[in-house]
Amino acid sequence: MTCPLCTTDGGLVIARTTQFRVVRVVDGDEARRFPAFYRLIWNHHVAEFSDLSVTDRHASMDAVTEIERVLRSLLAPTKVNIASLGNVVPHLHWHVIARFDWDSHFPAPVWAAAQRDEIPGGAQARLPVSLAVVDAAMREALQVFSG
């Protein structure tokens with residue numbers, strides 16, 4: 028079986044280091060309903076967090092923390108969801124998703140059934156700043172991991 032996170036970037040690349048890349052999901056329902064949906068994807072194929080060295084685990088969590096910090100500071104979401112599942116794609120990656128009380132699924136998980144109709148005009152239109160601004164701030168915050 029070919030791993031899609033080994034053969035593709037997995038989204039719009041915001042930052043890339045020797046250890047991982049951070050992408051914004053730009054295709055499909057997830058991108059439309061949850062525009063500030065980011066993933067930290069480990070570059071080397073590993074399935075579990077415990078497969079990483081202590082140093083790499085710390086770097087991974089520090090980067091996830093920076094992604095969350097940027098989302099909170101620029102978008103003021105109701106909540107930030109952080110998840111690592113890997114049931115469908117067993118390649119280590121973290122979902123970091125800004126959630127809002129107005130999104131179609133809130134307070135349910137993004138993978139659950141919608142709780143209400145989608146936002147007319149799209150969820151992205153409700154964000155306080157553009158995703159380009161968020162992406163730029165994310166890129167700057169993650170520079171510290173580039174070595």
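According to the numbering used here, the sequence shown holds residues 28 to 174 in order. Just so you know, even glycine gets a beta-carbon here, dropped at the ideal spot from N, CA and C.
Can you find the residues in the same chain that come closer than 6 angstroms, C-beta to C-beta, to residue i, ignoring five residues on each side of it along the sequence?
i	result
M165	I41, V97
F64	V52, E57, I124
P117	A74
A168	E93, V97
A110	H122
What does a CB cutoff of less than 8 angstroms around residue i pick up in its chain, not counting 5 residues either side in sequence?
i	result
S131	R60, A141, Q142, R143, D144, E145, I146, A150
Quick one, which of the options has its alpha-carbon nearest residue i's?
i	options	result
V123	V115, V137, N114, W129	V137
D128	W121, N114, L102, E75	L102
V160	T45, P62, C30	P62
L158	G113, A86, V50	V50
H72	G38, R126, L119, S111	L119
Q170	R43, T29, P31, D36	R43
Is residue j closer than 8 angstroms to residue i when the C-beta atoms are compared?
i	j	result
I68	R84	no
Which class does residue i belong to by DSSP, given the choice of helix, strand or coil?
i	result
F76	helix
L112	coil
A141	coil
A103	coil
For residue i, is the classification buried or exposed, using 16 other Cβ atoms within 10 angstroms of its Cβ as the cut-off for buried?
i	result
S87	buried
G38	buried
P104	buried
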